[in-house]
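Q: Here the sequence shown stands for residues 75 to 351, numbered as in the working numbering.
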Amino acid sequence: MNIVETIARSHNGHGLDVLGQQFGLSREQTLAAIAELAPVVTSGVRRNTREPDGMVSLLEALSGGHHDRYLDDDAAVQYDQVRNDGNAILGHLFGRKEVSREVAMQAAGTTGIGSAILKKMLPVIASMVMGAIFKRMTGGASAPAPRGGSGGGLGDIIGDILGGGRKPQPRSGQGGGGLEDILGDILGGGSGRQRTPAPQPQQRAPSPGGGLDDLLRDILGGGMGGSGRRQRPSSYNDDAIGRGRNTLDDIIGGDTRTGSGNAADDLLDSVNRRLGY
């Protein structure tokens, strides 16, 4: 499933209802809003992870952000509850709040939904995008299904969800550890440096991030600065950075701006040009 499908099928298949009811939207309108806004958020993620520090920042944020709750807990994605976290994500991805406003205004012209509603939906959807990336990188959701033709899998979800037909079938999760392996290699130092296996925790309760935070502490030798921030090595494993980027591209799609482009990248480029960025 792609990110849009993952969000729509979240909350035990009721993702559209959980989102739409709080904003007074039909299921069709809700899906249109997700399909327009989620790819713009992922475009921001992609741009922020081009450099190694950006990739590590994303992985560290995912390791301790409990983002999976945004796909499982109905209360967690109520606007009043998620607004601050979602706006913080958008602020990191877009840089300035004016970008969110412009994105909402342009998306309104495409979806026919008021820009004020879309602007409120953006922080909610941004949080759910992070939840979807977390689940996919840690094996908590299935890998993308093979697609044929240009329509991809979104046509299927429209039929399944909007048509009131069959509920999505549960799929067996993949083995975890993808995100942990990437972080372990990246934070283990340069490409020629071998990573020492982390000691096994003794009777340690599993953390919300799937043990990733503990793994990071072990990899860095417990290296937490006085501010509580992890100390990073002076260099990263370039091969691992590339592997992390490939994994992320498999989830959110690669950078298409040097190729044929896509609507989300074009929209964000248009917004940035309009604002003089």
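All residues carry an ideal CB built from backbone N, CA and C; glycine is no exception.
What are the boundary residues of the alpha helix (DSSP H) that GLN96 is part of?
A: Start and end: 89-97.
Q: By the 10 Å Cβ neighbour count, where 16 or more other Cβ atoms means buried, how is LYS171 classified, buried or exposed?
A: Flag for LYS171 reads exposed.
Q: Could you say which of PHE168, HIS88, PRO113, LEU99 lies nearest to ILE325 if we only look at CA atoms?
A: Ranking PHE168, HIS88, PRO113, LEU99 by Cα distance to ILE325 puts PRO113 first.
Q: Taking Cβ positions, are LEU349 and VAL177 nearer each other than 8 angstroms?
A: No, they are not a contact pair.
Q: Do GLN152 and GLN103 have their CB atoms nearer than 8 angstroms?
A: Not in contact: GLN152 and GLN103 (Cβ atoms no closer than 8 angstroms).
Q: Contact between the region 82-89 and the region 181-200 is defined here as three or more beta-carbon pairs at a separation below 8 angstroms; is this criterion met?
A: Not touching, per the Cβ criterion.
Q: Roughly how far, in whole angstroms, is the beta-carbon of TYR144 from the beta-carbon of ALA150, given that I think they are within contact range, below 8 angstroms?
A: Correct: roughly 6 angstroms between the Cβ atoms.
Q: Taking Cβ positions, are ASP185 and ALA107 nearer each other than 8 angstroms?
A: Before going on, a small fix: residue 185 reads as Thr here, not Asp. Yes, they are a contact pair.
Q: By a C-beta neighbour count over all protein chains shown, 10 Å radius and 16 as the cutoff for buried, is GLY98 buried or exposed?
A: So GLY98 ends up on the exposed side.
Q: Taking the alpha helix (DSSP H) that ALA149 falls in, what are its first and last residues?
A: ALA149 -> no alpha helix (DSSP H), and no H or E assigned at all.
Q: Entirely within the region 135-169 and at least 4 residues each: give me those alpha helix (DSSP H) ranges in chain order.
A: List check, alpha helix (DSSP H) in window: 143-146, 153-168.
Q: Taking all protein chains shown into account, do 16 or more other C-beta atoms lie within 10 angstroms of the C-beta of ALA314, making it buried, or fewer, making it exposed?
A: Classification of ALA314: buried, given that the 10 Å Cβ count is 16 or more.
Q: Here's the rule I'm using: 16 or more other beta-carbon atoms within 10 Å means buried, otherwise exposed. How should SER174 be labelled?
A: Per the 10 Å Cβ criterion, buried.
Q: Can you tell me whether DSSP reads MET211 as helix, strand or coil?
A: In the structure shown, MET211 sits in a helix (DSSP, three-state: H, G or I).
Q: For GLY183, which option in ARG319, GLU110, SER84, ASP148 has the closest C-alpha, if you only look at C-alpha atoms?
A: Here the closest residue by C-alpha is GLU110.
Q: Indicate the three-state DSSP secondary structure (helix, strand or coil) for ILE191 in the structure shown.
A: ILE191: helix per DSSP, three-state reduction.
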